[in-house]
Structure formats: C-alpha cells, structure tokens
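Residue numbers (mature numbering (1 follows the signal peptide of the UniProt record, and there is no 0)): -23 to -1, 1 to 289.
Accompanying notes for the structure given below.
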C-alpha cells in the first residue's frame, strides 16, 4: 500500500471515531427525580394527666397537748424544728380542727377574685385544737354559743362573754408554755377565724403582754368584754389588725366595727380592714392575712432586741 493511501485510511478512521468520542465525552442525561418521601404524621401529644384528687382532710384524733390543749406544730419556709423561729398561733373556727386550719392558713390558693400565694416564710406555726366538741366527731369549737345566738339574747351574750374570758385564760397558759418550750424569736403572733377570731380578741384584751401582734379574722368582741379604762402601755404596744368581710351574716361586720371603734377610743393600736363583697369565708381574705403575717415576721426578725420568752 502506498503512503498516500495509508494516510487517507487513517484520516477516514479518525473521522469515523470522532462522533463516538464526542458521545463518550457528553455527560449522561439526568435521571428523573424520584418523588420525595412523605413527611411522617406528627405524633399526637399525650393527654395531660387527670389531676389527682386531694385526699379529704380529716382531724388527727391524737395530738400532743400542752396545758391541757391539743396542738399541731408545723415549721414553714424550709426551716428545721430545732431552729430559733418566730411563732404564729392560729385558732380554727366552729366545727373545724387544727389540720383544716393548717391547710387554710398555709396552702389554700384563695379564690379566683382573691388569689393567695402559698405561705412559705420561715416560722413555727402552732394550730391549737378547740376545747369543746362540735356536732361531728373530731370537729371542735371554742364556745358552745354562736355569735348569732349571743346577739339575739342578753343571757346568751353574757354566757358567751364568760366563755371567751375563760377560754382566753386557758389558751394564754398554753401559748406561754409553748413559747418557752420552743426556740422562739420574739413574741408569738396570734390569728384566728370566726370563733377563733373572737378568741383572738379575748386574748388581745386580757393578755396583751404575750403577743407581738393579734390578727382576728371575722371576729368580734362582745360588749360585756369591752374595756372601760384607757389602754395601759402594755396594751398600747400590741398591734391589732382585724379583717372582716362586709357581707358577713354569721359574725356581723357592724358588730366588729363597733368593737374596734370602742378600742380606738380607749387608745388601743387597732385597725379594721373591711373586705368588700365577702361574707363569712376565710378563703378570699387569705392573701391579705398572709401578707400581714409576712410583714410582722419581718419586723420580728429585723429587731433582735425584742423580748424573748424565758427558757426553762
């Protein structure tokens, strides 16, 4: 084969292979996209658990006693029972008992119109048990005569006034013993509702030297117990802050207002704080009562020179 023919054949082969090489150099056509997988169905949130039913509060039939009066002791605010603490003494109403008063004073949330934050200030809370049986076993009261019965009859009023005086002396003995037996900062604060509030008045008038403050709620001081002499310095030193619902028909607001007016005339340091739209119900007044207790506790802790009960 001549050289010219060889060159022609090579050129022809090159021309034939060019389209094949060009085809090999081109990128393959993209495959059609596969459909994206469907998003998984969201997992439904678990239903909130049903609120646990609160166990009914029942009276403790066995309580320690001091000076013949049963009591429940609760330490709040993360304190230890052995810590020196201010003392709050709380007195329940007619037909109640210490554990019920403890739940109300420390943990009851109040009402939708009058919410109350839990009481968590460090203190030693003493809940005394009434000395008179009520109609339900384990439920107690302080007096056998109600305020309505007393206000309807002069004889009943005199009898109730005598019971208040006797009970105030008995309870004062128990509180004095507790304040000495426990490591107590300052003097106790005393509060109570309904019959407990009435008894707080009796304690404040008959034993003002025992307390840093008295806070009767829905209480009243019967007229036979009204002091007739000007308050002495010991009585003047006791701060009394009374709370009362203006619509109260069990222990009338007007009767409490008259009691307070008489004590003011005689120089007592007393203030009545009306609660509008509220009847004989502790729950709407708990927020205000707890605020008063916190304020007083701050005073107790701020002034280390306050008189301390003598330890035996």
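Using N, Cα and C, we set each Cβ at its ideal position, and we do this for glycine too.
Since the structure is predicted, the reported quantities are computational estimates derived from the model, not experimental observations.
Item: Continuous alpha helix (DSSP H) assignments of at least 4 residues falling wholly in the region 163 to 195; Value: 172 to 183
Item: Of the residues 205, 156, 102, the one placed nearest residue 54, counting alpha carbons only; Value: 102
Item: Cα-Cα separation between residue 147 and residue 46, rounded to whole angstroms; Value: 8 Å
Item: Simplified DSSP state of residue 226, which is helix, strand or coil; Value: coil
Item: Sub-8 Å separation of residue 199 and residue 223 beta-carbons; Value: no
Item: Unbroken stretches of the beta strand (DSSP E), 3 residues or longer, contained in the region 38 to 64; Value: 46 to 53
Item: Contact check, residue 73 vs residue 116, beta carbons under 8 Å; Value: yes
Item: Beta carbon of residue 293 nearer than 8 Å to that of residue 264; Value: There is no way to answer for residue 293, as the model of the chain reaches only from -23 to 289.
Item: Residue 41 versus residue 61 - alpha carbon distance; Value: 20 Å
Item: Segment limits, alpha helix (DSSP H) that includes residue 268; Value: 263 to 279
Item: Residue environment, residue 255, which counts as buried when at least 16 other CB atoms sit within 10 Å; Value: buried
Item: Residue 103 - partner residues in DSSP beta bridges; Value: 50, 66
Item: Residues that DSSP places opposite residue 303 in a beta bridge; Value: What is shown of the chain runs -23 to 289, which leaves residue 303 out entirely.
Item: Where residue 242 falls, given that 16 or more other Cβ within 10 Å makes a residue buried; Value: exposed
Item: Residues near residue 239 by beta carbon distance below 6 Å, same chain, minus five either side; Value: 203
Item: Rounded distance between the beta-carbons of residue 165 and residue 65, thought under 8 Å; Value: 7 Å
Item: Residue 130 classed as buried or exposed, judged by whether at least 16 other C-beta atoms fall within 10 angstroms; Value: exposed
Item: Through-space distance from residue 236 to residue 133, alpha-carbon basis; Value: 18 Å
Item: Backbone secondary structure at residue 243 - three-state DSSP; Value: coil
Item: Inter-residue spacing [alpha-carbon to alpha-carbon] between residue 36 and residue 212; Value: 35 Å
Item: Distance between residue 245 and residue 114 (C-alpha atoms, nearest Å); Value: 39 Å
Item: Cβ pair count under 8 Å reaching 3, the region 257 to 274 against the region 166 to 173; Value: yes
Item: Nonlocal neighbours in the same chain, by C-beta distance under 6 Å from residue 318, ignoring five residues either side; Value: Examination of residue 318 is not possible in this model, given that the chain is present from -23 through 289 alone.
Item: Alpha-carbon spacing of residue 118 relative to residue 175, whole angstroms; Value: 12 Å
Item: Proximal residues to residue 178 (C-beta, below 6 Å), its chain only, five neighbours per side dropped; Value: 193, 196, 198
Item: Identity of the residue in 90, 215, 277 nearest residue 183 by Cα; Value: 215
Item: Counted within 10 angstroms of its Cβ, other Cβ atoms place residue 275 as buried (16 or more) or exposed; Value: exposed
Item: Buried versus exposed call for residue 226 [16 or more other C-beta atoms within 10 Å across all chains shown]; Value: exposed
Item: Nearest candidate by alpha-carbon position, reference residue 160, set 63, 33, 106; Value: 63
Item: Buried/exposed call for residue 94, threshold 16 Cβ in 10 Å; Value: exposed
Item: Within 8 Å, strictly: CB atoms of residue 34 and residue 80; Value: yes
Item: Contact belief for residue 97 with residue 260 at Cβ below 8 Å, rounded distance in angstroms; Value: That belief does not hold up - the Cβ atoms of residue 97 and residue 260 are roughly 18 Å apart, past 8 Å.
Item: Bridge partners - residue 151, DSSP secondary structure assignment; Value: Beta-bridge pairing links residue 151 to no other residue.
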